[in-house]
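In our numbering, the protein residues as written are 1 to 587.
I have placed the structure first, in the form of structure tokens, so that the comments after it can refer back to it.
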């Protein structure tokens with residue numbers, strides 16, 4: 001560049017290095033969270049002090065099982081009340097909220113309070129997955145390091161998103177889906193300064209997963225067949241129905257939250273009330289309690305009986321929506337996958353019964369039900385598709401996934417304004433960005449808007465000459481005025497409020513081929529209200545102001561939102577169309 005603003009290659013390198021270091025730490029934190037969940041599960045349900053893998057579904061506590069989630073939720077409520085209220089919720093919406101409203105600053109104590117509270121909540125039977133808490137914890141670690149080192153709020157946003165998605169990648173071994181999650185739900189942009197650190201962080205998180213967990217797909221399933229045309233049509237219809245379900249599920253979460261808001265007790269006690277439903281449902285259907293990744297694997301076999309499918313779809317939903325709405329600590333992805341998988345399998349069984357020759361594969365139906373429910377409720381379309389592929393390793397599922405997830409997204413888009421991820425902040429009057437369009441100012445250039453008859457003054461002018469100059473240019477309203485030497489070479493700017501020529505800021509200028517994005521940045525850095533536009537000889541070819549930028553921006557926005565026919569006004573094309581019409585009429 002020709003001025004003080006330079007492309008921050010070094011900053012991208014430093015941020016990327018920090019993101020990778022964070023991801024290494026987050027990988028160990030993810031492993032620790034899983035072991036901590038195992039520890040509390042064994043303590044609560046089996047009275048054993050061990051980190052061995054276990055599930056609440058195998059308990060033999062009888063009616064006492066109802067009390068276990070209540071005890072765990074009471075502990076979570078105390079941690080939220082006297083530790084930090086920020087541990088409540090399911091992870092991603094809270095990360096979005098901090099990015100949009102709080103300059104990506106998360107309280108440092110969340111780095112240990114969130115995983116501890118989530119482990120207690122899930123370990124005591126909470127129907128949540130480990131991914132939400134680790135995403136929140138990864139984001140908190142990223143935010144913490146971003147507050148310690150000397151970086152901007154924009155860079156801290158990248159570090160937070162990189163940490164959050166490294167957590168997802170470390171749990172599931174799905175780096176590409178984690179990258180897409182960052183783009184669709186956290187970053188709200190796609191640029192080298194953001195995508196490079198996030199990509200490196202997610203790859204590192206996946207490496208930690210393969211090292212600390214396993215190398216096989218998390219939800220490994222039998223190979224599914226290539227979908228026939230008739231089956232694809234059925235999967236599209238299933239996507240439509242799942243879109244309706246996604247809207248209903250998302251709205252019901254916040255309806256339950258509203259109901260808890262009306263309780264005449266402190267919010268600290270709400271998780272305990274929600275845990276009553278978890279315990280009661282868990283007594284009749286123990287498999288609805290805990291993380292439930294085994295439920296997802298079983299659904300993907302396509303062999304579960306109808307009773308169990310109904311249980312995982314309806315009872316898991318009731319347990320999860322009440323617990324989540326109560327404000328306890330947990331995640332959404334695993335429950336949505338369980339509910340969606342059971343829903344998809346049920347639709348597949350029904351379609352196969354009504355149309356025996358349609359060629360539906362029940363395992364495929366469960367897979368697309370999982371992904372479509374997540375796509376419709378979260379509005380993370382690409383993340384849902386790629387996540388389903390990465391965690392199952394089923395390339396034949398790509399076309400059915402695209403068909404079902406796209407239609408579910410389409411339907412839910414028209415049935416609800418926000419999503420399960422954005423509704424919380426939308427209720428506060430803050431709309432999360434939903435458009436990923438390039439900066440309009442990046443495609444606009446100085447030579448298109450600059451004033452070609454610039455006003456400037458010679459540096460050797462005295463106060464009397466300056467006053468005469470201002471009298472001759474009475475319409476000049478800006479505080480600063482470009483200054484040249486006797487040869488017409490740019491020297492800086494005069495502050496007219498001082499009434500004397502004392503040029504400063506000689507490094508602040510632009511070239512005709514610079515973008516208006518650079519103009520905005522330079523105006524902000526320099527605190528000037530006008531910038532000189534210089535030619536190759538450093539002579540003033542024009543000037544540009546903030547008003548020029550606003551004018552062109554408004555013009556571009558107006559053009560983008562103007563509805564018109566591309567054919568209108570093309571007389572030659574209209575004549576050809578008219579002749580063609582007469583020719584076919586004669587035939």
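Glycine included, each C-beta is placed from N, C-alpha and C at the ideal position.
Predicted model, so just to flag it, every value in this text is computed and none were measured.
| Item | Value |
| --- | --- |
| Quick one: give me the first and last residue of the alpha helix (DSSP H) that residue 525 is part of. | 516-526 |
| Measuring straight from C-alpha to C-alpha, what distance separates residue 268 and residue 165? | 29 Å |
| When the Cβ atoms of the segment 51-61 are set against those of the segment 131-138, are three or more pairs found closer than 8 Å? | no |
| According to DSSP, is residue 223 part of a helix, a strand, or is it coil? | coil |
| By Cβ distance, which residues of its chain are closer than 7 Å to residue 181, with the 5 residues on each side in sequence left out? | 165, 168, 380 and 383 |
| Would you identify the three-state DSSP class for residue 458, choosing helix, strand or coil? | strand |
| Please state the DSSP three-state secondary structure of residue 495. | strand |
| Quick one: Cα of residue 121 to Cα of residue 517, how far? | 47 Å |
| Roughly how many angstroms lie between the CA atoms of residue 417 and residue 510, to the nearest whole one? | 42 Å |
| Ends of the alpha helix (DSSP H) at residue 400? | 398-415 |
| Does the separation of the CB atoms of residue 344 and residue 322 fall below 7 Å? | no |
| Out of curiosity, what's the CA-to-CA distance linking residue 196 and residue 12? | 8 Å |
| Rounded C-beta distance between residue 22 and residue 159? I'm assuming under 8 Å. | 7 Å |
| Would you kindly work out how many angstroms separate the C-alpha atoms of residue 69 and residue 82, rounded to a whole number? | 20 Å |
| Between which two residues does the beta strand (DSSP E) holding residue 532 run? | 530-534 |
| Please classify residue 258 as buried or exposed, where buried requires at least 16 neighbouring CB atoms within 10 angstroms. | exposed |
| Quick one: measure Cβ to Cβ for residue 415 and residue 247, integer angstroms, because I've assumed they're closer than 8 Å. | 4 Å |
| Under a Cβ-count criterion, where at least 16 other Cβ atoms within 10 Å of its own Cβ denotes burial, should residue 317 be classed as buried or exposed? | buried |
| Hey, could you find the ends of the beta strand (DSSP E) residue 482 is sitting in? | 480-484 |
| Express the C-alpha separation of residue 404 and residue 386 in angstroms, rounding to a whole number. | 13 Å |
| Excluding the 5 residues flanking residue 359 on each side, which residues of the same chain have their C-beta closer than 7 Å to its C-beta? | 228, 230 and 231 |
| Between 328, 332 and 284, which has its C-alpha nearest residue 310's C-alpha? | 284 |
| Which residue or residues does DSSP assign as beta-bridge partners of residue 451? | 543 |
| CA-CA distance, residue 544 and residue 185? | 36 Å |
| How long is the line joining the alpha carbons of residue 533 and residue 468, rounded to whole angstroms? | 24 Å |
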